[in-house]
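A.B. asks:
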Amino acid sequence: MAGEKNVTETILVVGGGISGLTAAVEAGEVGYDVILLEKRPYLGGRVAQLHEYFPKLCPPFCGLEINFRRIKENPRIKFFTLAEVEKISGQPGNFDVTVKIKPRYVNSNCTICGKCVDACPKERIDEYNYGLSKTKAIYLPHEMAFPAKYVIDDTVCDKCGKCVEACPYNAIDLNDQPKTVNFKVGAIIWATGWKPYDATKMDNLGFGKYPNVITNVMMERLAAVNGPTKGKILRPSDNKEVKSIAFVQCAGSRDENHLPYCSAICCLASMKQATYIKEQYPDAKVYIFYIDLRAFGRFEDFYNRVKEYEGIEFIKGKVAKITEVPETKNLIVEAEDILSGKKTQQEVEMVVLATGMMPTTAEEKVPADNVSYDDFNFLLSDLQDNGIYAAGCAKRPMDVASCVQDATGAALKAIQSIVRRFTTVAK
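Using the working numbering, the letters of the sequence shown map in sequence onto residues 164 to 590.
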């Protein structure tokens, strides 16, 4: 049937985090060709930056490694890192997508031997560790990175050539250039995920001003065995072991001046991180300042378990201000204890801010017409049959397990969209 050529059965997945990976492997294993794009130089997204995640509280690479293997073994799935969508045109069943791929400067000859890193004279802030450490300008994003090869940060590299001289495998090309490629696809899954809300916007909480005020995502890196301190939780100012710590809930969330909504997972994340502290420092004092504690469904049991820990105190009250004791770099957390009706000042050695989840689409819109967003910039693609489907945290705040379920649903919707058009054209 001649008309069938007007429908393309390839599915484009934008975003290589847990939602994008799930959507790609589900669609690919059903028998559809999949193109997976990721802006970073590695797949795995923010899940790869966690120490542990719900519901099993296991390291993230338990799940990621399975998905990486499924991608490697499936010839229908092609992935591109350092790739961003510049333009989407056309209609469901027949989209034209323009993608810009930034140069990696390192090819498949790389064996990650490390000689280039030893030779490199330049350093950069390590965004994988949320600025808690540095790497060389040529670097491996992390120990379990997929693809497992180095990449050069061209915003720092001055192309001195020392890495080229040191590489015994001819794996580095400093003349590598950006590429623009075009794909024809039948449906698109937008799984670009989320960003931590910028904690510097809350002047009263001291982030960016006091070194021992960190965010919840930074805490994950401090606890991770492949993090900047190899899993030992130490406060940033002096690498001191932590004997007292405060967790501040809703840091910027449920606030009309910042994020008006609840990110749903922050309470559980802070309770989980409180257990990180107690596992390493059983005698540590932990204070969790909260507005309302939310532990949905089966996670209520986890909340009840954390409440039983000796040395963990829950204080119902919004934190008004955090100040530093200059001599010790300790922090004074000021809040109103709603249950006692009194104002409290608690001195601790470190503070963790539970910042909320902001969709990447708040700053980077889908470059296509007929795409709708809610009041908080989450995608509303499920409300219209436009061939572009949101998955995971591009749709709303979710935990990892919910992202996996939602991405599976998005893959099914993309397949249904193609089949529906294919059937219509065939008639």
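Built from N, CA and C at the ideal position, the CB exists for glycine as well.
Could you pull out every residue in the same chain whose Cβ sits closer than 6 Å to the Cβ of M307, ignoring the five residues on either side in sequence?
C.D. replies: F224, listed in sequence order.
A.B. asks: Find the nearest neighbour of Y439 within the set L456, D464 and S407, judged by alpha-carbon distance.
C.D. replies: The shortest Cα separation from Y439 among L456, D464 and S407 belongs to S407.
A.B. asks: Here's the rule I'm using: 16 or more other beta-carbon atoms within 10 Å means buried, otherwise exposed. How should Q254 be labelled?
C.D. replies: Answer is exposed; the Cβ neighbour count stays below 16.
A.B. asks: Taking buried to mean at least 16 other C-beta atoms within 10 Å of its own C-beta, is S296 buried or exposed?
C.D. replies: By the 10 Å Cβ count, S296 comes out exposed.
A.B. asks: Can you pull the DSSP bridge partners for E510?
C.D. replies: Note: E510 sits in a beta bridge opposite I495.
A.B. asks: Can you name the residues that DSSP bridges to I315?
C.D. replies: In the DSSP output, where bridge partners are listed per residue, I315 has I301.
A.B. asks: Please identify the residue among T173, R232 and L368 whose C-alpha is closest to the C-alpha of V193.
C.D. replies: Nearest of T173, R232 and L368 to V193, Cα basis: T173.
A.B. asks: Is Q340 helix, strand or coil by DSSP?
C.D. replies: Note: Q340 maps to coil in three-state DSSP.
A.B. asks: Given a cut-off of 7 Å on the beta-carbon distance, is the pair T244 and E201 in contact?
C.D. replies: In contact: T244 and E201 (Cβ atoms closer than 7 Å).
A.B. asks: Where DSSP assigns a beta bridge to K479, which residues make up the other side?
C.D. replies: BP columns for K479 point to Y453.
A.B. asks: Pull up the distance between the alpha-carbon of V496 and that of F217, whole angstroms please.
C.D. replies: Rounded to whole angstroms, V496 to F217 spans 29 Å at the Cα level.
A.B. asks: Taking the beta carbon of K347 as the centre, do at least 16 other beta carbons fall within 10 Å, making it buried, or is it exposed?
C.D. replies: K347 comes out exposed.
A.B. asks: Going straight from the alpha carbon of L175 to that of V262, what length do you get?
C.D. replies: Each residue's Cα considered, the two are about 11 Å apart.
A.B. asks: Do L516 and V411 have their C-beta atoms closer together than 7 Å?
C.D. replies: A contact, by the Cβ cut-off of 7 Å.
A.B. asks: Please check if any C-beta of chain C sits within less than 7 Å of the C-beta of A311.
C.D. replies: No chain C appears in the structure shown, which is made up of a single protein chain.
A.B. asks: Between the region 567–585 and the region 361–376, do at least 3 Cβ pairs fall closer than 8 Å?
C.D. replies: Touching, no, given that fewer than three Cβ pairs across the two stretches are closer than 8 Å.
A.B. asks: For N533, collect the residues of the same chain with a Cβ closer than 6 Å to its Cβ; drop the 5 residues on either side in sequence, then sort them by chain order.
C.D. replies: The residues are N549.
A.B. asks: Are there 16 or more other CB atoms within 10 angstroms of the CB of R384, so buried, or fewer, so exposed?
C.D. replies: Buried: at least 16 other Cβ atoms inside 10 Å.
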